[in-house]
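A.B. asks:
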DNA sequence: TTAAATGTAATTACTATGGTTACACATTGT
DNA sequence: ACAATGTGTAACCATAGTAATTACATTTAA
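Residue numbers (our numbering), protein chains in the order written: chain C, 150 to 300; chain S, 150 to 300.
#1: DSSP three-state call for residue 213 of chain S: helix, strand or coil?
#2: Counting only C-beta atoms, is residue 122 of chain C closer than 7 Å to chain S at any point?
#3: At the level of alpha carbons, what is the spacing between residue 269 of chain S and residue 287 of chain S?
#4: Within the same chain, show all residues whose beta-carbon is closer than 8 Å to that of residue 160 of chain C, passing over the 5 residues directly before and after it, in chain order.
#5: Hey, out of S/246, S/240, S/275, S/236, whose CA is closest to residue 263 of chain S's CA?
#6: Can you name, in chain order, every residue of its own chain whose Cβ lies under 6 Å from the Cβ of residue 246 of chain S, other than the five neighbours on each side?
#7: Below 8 Å on the Cβ atoms is my contact criterion, and I expect residue 137 of chain S with residue 176 of chain S to pass it. Report the Cβ-Cβ distance as a whole number of Å.
#8: Which partner residues of residue 206 of chain S appear in the DSSP bridge assignment?
#9: If we cut at 7 Å on Cβ distances, does residue 152 of chain S have a partner in chain C?
#10: Does DSSP put residue 165 of chain C in a helix, in a strand, or in coil?
#11: In chain S, what lies closer than 7 Å to residue 239 of chain C by C-beta?
#12: Got a sec: is the Cβ-Cβ distance from residue 244 of chain C to anything in chain S below 7 Å?
#13: Mind checking which residues open and close the alpha helix (DSSP H) that includes residue 282 of chain S?
#14: Going by alpha carbons, who is nearest to residue 182 of chain C out of C/163, C/267, C/152, C/208?
#15: Go through its chain and collect everything with a Cβ distance to residue 158 of chain C's Cβ below 7 Å, but skip five positions before and after it.
#16: Just reading off the alpha helix (DSSP H) that residue 255 of chain S is part of, what are its end residues?
#17: Where do the N-terminal and C-terminal ends of the alpha helix (DSSP H) with residue 199 of chain C fall, by residue?
#18: Give me the Cα-Cα distance between residue 171 of chain S and residue 299 of chain S, rounded to the nearest whole angstrom.
#19: Answer with yes or no whether the minimum CB distance from residue 171 of chain S to chain C is below 7 Å.
#20: Can you check whether the C-beta of residue 190 of chain C is within less than 7 Å of a C-beta belonging to chain S?
#21: Looking only at its own chain, which residues have a Cβ that is under 8 Å from the Cβ of residue 199 of chain C, when we skip the five neighbours before and after it?
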């Protein structure tokens, strides 16, 4: 279904910015970590800026900055900033109103889909960018330990 | 993100079949209610049959049938039968392993995405086709009442 | 004033999807 | 036996969303 990696990219970008602690990071540098194109990163940053999650500083030495503290950015905000919120699509054409199922299926589906969507969003809403970066640090420390013990 | 209406179509089709109570329904008739093409319905039915939710009867008077009782078909089974289970995509290209975030972001994202996906699936898993058809009947009765009172 | 960086438009390629036509094959019913 | 019915599937087209890329005007810091 969803083939967009924008959410994954966005979390990646925001994690980078949260480790910068106020020092602007250029789209060129970000693209180097994500392994993609600077222009694509700038487009993504535009969406994040529209959502109030980042700001940008023009000119030499400029780049992107977090607009909020990492523990005030939920992953739900990130998701909504960069991904269309529609998890499942309804019928494109109207179902046949002469049929009992056709008359009511969309109302019933709306309830089902909304509930599933809300469950998913509640999960994302319960985590912040700070949680994600904490996980990153934990993974890095684990790797360090492994490297030391294996010589 | 997801632009596929296959889940919506599938619930629609299964609701029709559950009201048939054992009488086969042709793809032609189903397509008439969904308002689409019979061949597309047959493609959808192939997926549902692969998942063990429907069977088909060839020949004159044939058509599709439910393979299970409606209260034994969860909407999660339907979703998995017709939709690719991947809610969010990861990075297509590997992130830069020379960067701390690049090294670990995918593991962290995996945890986030899996949890969100499981929350969504739990919601779908808690409802059966029988629940959906009960909702349909309820909506129809409400419409009947409205019609009677408004003349 | 020069270099750096953003913001955005335009373009290309790819993939998923819905829609449609066509047809071989199986099955029913007479 | 055979005609009618219906499935199953392949092939094809159009559309839409996305990533990737190039290009360039604009802004800003040093």
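Note that CB positions come from ideal geometry on N, CA and C, so glycine has one too.
C.D. replies: Taking the definition as stated:
#1: Note: residue 213 of chain S maps to strand in three-state DSSP.
#2: Here chain C has residues from 150 to 300 only, and residue 122 of chain C is not among them.
#3: Rounded to whole angstroms, residue 269 of chain S to residue 287 of chain S spans 25 Å at the Cα level.
#4: If we look at residue 160 of chain C and ignore the five residues flanking it on each side, its Cβ neighbours are 224, 227, 278, 281.
#5: Comparing Cα positions, the closest option is S/236.
#6: So the qualifying residues of the chain are 252.
#7: With chain S running from 150 to 300 in the structure shown, residue 137 of chain S is simply not present.
#8: DSSP lists S/212 as partners of residue 206 of chain S.
#9: Yes, residue 152 of chain S counts as interfacial toward chain C.
#10: In the three-state DSSP reduction, residue 165 of chain C falls in the helix class (H, G or I).
#11: Taking a Cβ-Cβ cut-off of 7 Å, the neighbours of residue 239 of chain C in chain S comprise 154, 157, given in sequence order.
#12: With 7 Å as the cut-off, residue 244 of chain C counts as an interface residue toward chain S.
#13: Residue 282 of chain S -> alpha helix (DSSP H) spans 278-298.
#14: Its Cα nearest to that of residue 182 of chain C, the residue C/163 stands out among C/163, C/267, C/152, C/208.
#15: Result list for residue 158 of chain C: 183, 193, in chain order.
#16: Counting along the chain, the alpha helix (DSSP H) containing residue 255 of chain S begins and ends at 249-274.
#17: Start and end: 187-199.
#18: So the two alpha carbons sit approximately 36 Å from each other.
#19: Closer than 7 Å: no.
#20: Not closer than 7 Å to any Cβ of chain S, the Cβ of residue 190 of chain C fails to qualify, so no.
#21: The beta carbon of residue 199 of chain C sits closer than 8 Å to those of 230, all from its chain and outside the five residues before and after it, given in chain order.
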